[in-house]
Each structure stands twice: as structure tokens, then as C-alpha cells.
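*Asks:*
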Amino acid sequence: DIWRHFLRKGLMALVDWSIIDSGLTRRRLVAAFTPASLSGLVSWWKLEEASGTRVDSFGSNNLTDNNTVTQATGQVGNAAQFTGANSEYLNISDNAGLSTGDVDFSVAAGIRFDSLTQTPVLIGKGATDQYEWSLQYASIPEKLRFALYNATASQQDSCDWSAAIDNSIWYFVILWHNTTDDTLNLSVDDGTPVTISRTVTLTDGTADFQLGRLATGNYYSGRLDEVFFAKAVWSAAERTNLYNWRVAGGV
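Counting along the sequence shown from 1, when you hit position 102 you're at 106 in the numbering used here, and nothing is skipped either side.
See below:
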């Protein structure tokens, strides 16, 4: 019994309890968090559907399926699979909840590219003389970009994440416009945000809100999973909680 006592004590001393406690703490934080609690949340598209209308699980902004957006495995359940060659996209007409202009807003999404060519737009809002913003991949030079436009898109501010994109893995992207300090911000996988100052004059336009393209082009080939839109700037803690929730599989 004495030897068992000392053996147990020795094994306990070898365990890095800080790591175990960190993991337990993270699981507790994820368990206590729900995306529905995000500040200013307007819409949350889980994108679990195999085809057809994609339901807004938080608000009332259901997305119309155009040219049969399909389904693939996501990081949280299933994801919407876009094929650019088929001109596939999801959309909803402009409304007060999804219009931006010079207001605080945040967007988050899980993304995984099939190919890295041209300038596909993953999510955005814009059309002729009604441009607002987009999340896109800029192929020259290669980078992930959050762009704000003037109405005609003749001018834009580009907030770029310039690390190389690997089209075999998932990324979780959060972008936001902050009117308090007048900045565009882009964070990937809860990393340090890229921040630039806004210079363009913004428009509260009437264009559709779209997933998979912008206006009538720039079609995206790849997956989108768990897309969020909010009329607020999320705190650093909210962004981290959302990222951890996604990494944990949405549980």
C-alpha cells in the first residue's frame, strides 16, 4: 500500500495539469456559449440543407437557391457546395436587416476553396451603382480580401489577409466594419486581425445579399458553412467563443 501511494504521487507529478485544465476550461466555455447570443445578430445560416432554400435559423432571411447549390461535408454538420462553372449562388433581396452602408456590421463563415483562380466572391452585397461590400479571393496577388466599395465600385478599401490559402483545409473568417474608429478588419482562425482605415464613401444600397457571387459574376467554387451576419462589432471574446464553438463542431 505504501508503494502504491508513492507511485500514484509520482505519476500525478508527471501530469501537466495546466494543459488538462486549459482543455477543460475551453470545453466549459464552448458548452456555455451559443451563437444566438452574439451581439446584434441578424441572421445565421447553418447551410445544412441538401438543396433548395437555405433557412435562416435565427432571423427571417431565408436564401433562395439558384442553379442548384448542392451539399458537402462541413466542419459543423454539412455545408453548401458551390460550383462556379454552373453559376450557382444563394441570395435574398435587400432589406433593412441586411443593408449596410456606414454602420457597424460583422460577418463570419467557414470557408473551403475548391480552386484558387480569378476573383471569386464568397459573400457580398452589390450591383450596378449599388455596391456595399464583399468577402473575396484576389488571385493577383493571391490573398483573402474584405472590401468596402463606393456605390459604383470605382473605389474600394481592401483589407487583405496575405497568407497563402490551402484549398484542402477549412478556414474560419470573421470580418467587420467599425464605425467608431472607421476601420475594416479581417481575422482568420481567430488570429490577430488585419486592420485598415476606411477612405471610401459608403452606400446603403438596394442590391441582393448573395453567397457564391457578387452582382452577376465572380462565381465561387468551394464550400461555405455556418454563415453569420450581425449589425454590431463583436468583442474579441465573442470572436474567440465563436471560433472555439466552430472548432468543437458546434456543440
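A virtual CB, placed ideally from N, CA and C, is assigned to each residue, including glycine.
I need the straight-line Cα distance from Thr-4 to Thr-57, nearest angstrom please.
*Replies:* Because the chain in this structure spans residues 5 to 255, residue 4 falls outside the shown range and cannot be described.
*Asks:* Grab me the residues of Ala-157's own chain with a C-beta within less than 6 Å of its C-beta, minus the 5 sequence neighbours each way, in chain order.
*Replies:* Tyr-135
*Asks:* Per DSSP, Trp-174 forms a beta bridge with which residues?
*Replies:* Answer by DSSP bridge pairing: none, since Trp-174 is not bridged.
*Asks:* Looking at Val-237: is its Cβ nearer than 8 Å to the Cβ of Asn-182?
*Replies:* yes
*Asks:* Taking the alpha carbon of Ile-115 as the reference point, which residue from Gly-101, Ala-84, Ser-138 has its own alpha carbon closest?
*Replies:* Scanning Gly-101, Ala-84, Ser-138 for the CA closest to the CA of Ile-115 turns up Ala-84.
*Asks:* Could you tell me if Ile-23 is buried or exposed, where buried requires 16 or more neighbouring beta carbons within 10 angstroms of its beta carbon?
*Replies:* Model confidence at Ile-23 stands at a pLDDT of 45, short of 50, so the residue's coordinates are unreliable and nothing is read from them.
*Asks:* Cutting at 6 Å between CB atoms, please list the residues of its own chain near Leu-67, excluding the five before and the five after it.
*Replies:* Arg-58, Leu-94, Ile-96
*Asks:* From Asn-222, Gly-195, Ile-144, Leu-102, pick the residue whose C-alpha is nearest to that of Asn-245; which is it?
*Replies:* Gly-195
*Asks:* Can you tell me whether DSSP reads Leu-51 as helix, strand or coil?
*Replies:* coil
*Asks:* With a threshold of 8 Å on Cβ separation, who are the neighbours of Leu-120 within its own chain once the five nearest residues in sequence on each side are excluded?
*Replies:* Tyr-141, Ser-143, Glu-146, Ile-169, Asn-171
*Asks:* Between the Cα of Leu-148 and those of Asp-161, Gln-159, Ala-167, Trp-137, spot the shortest distance and give me the residue it belongs to.
*Replies:* Ala-167
*Asks:* Let me know the beta strand (DSSP E) ranges lying completely inside the region 70 to 97, each 3 residues or longer, listed in chain order.
*Replies:* Along the length of the region 70 to 97, whole beta strand (DSSP E) runs at least 3 residues long occupy 74 to 77, 82 to 86, 93 to 96, reported in chain order.
*Asks:* Please confirm if the region 98 to 114 is in contact with the region 216 to 232, defined as three or more CB-CB distances below 8 Å between the two stretches.
*Replies:* Between the region 98 to 114 and the region 216 to 232, the count of C-beta pairs closer than 8 Å reaches three or more; the two stretches touch.
*Asks:* Exposed or buried, Ser-41, counting other C-beta atoms within 10 Å across all chains shown (16 or more means buried)?
*Replies:* exposed
*Asks:* So what does Asp-164 bridge to, in DSSP terms?
*Replies:* Arg-149
*Asks:* Between the alpha carbons of Ala-155 and Asp-161, how many angstroms are there, rounded?
*Replies:* 13 Å
*Asks:* Is Lys-235 near Asp-108, with beta carbons less than 8 Å apart?
*Replies:* Cβ distance < 8 Å, so Lys-235 and Asp-108 count as in contact.
*Asks:* Only counting the same chain, and skipping five residues up and downstream in sequence, which positions put a Cβ closer than 8 Å to that of Gly-105?
*Replies:* Contacts found: Glu-136, Leu-206, Thr-207, Asp-208, Gly-209.
*Asks:* Taking the continuous alpha helix (DSSP H) assigned at Thr-184, which residues delimit it?
*Replies:* Neither: Thr-184 is in no alpha helix (DSSP H) and is coded neither H nor E.
*Asks:* Taking only the alpha-carbon atoms, compute the straight-line gap between Ile-6 and Phe-117 and give it to the nearest angstrom.
*Replies:* Only weak support is given to the placement of Ile-6: the predicted model assigns it a pLDDT of 49, under 50, and the question is left unresolved by the model.
*Asks:* Could you pull the start and end residues of the alpha helix (DSSP H) that Tyr-247 belongs to?
*Replies:* 240 to 251
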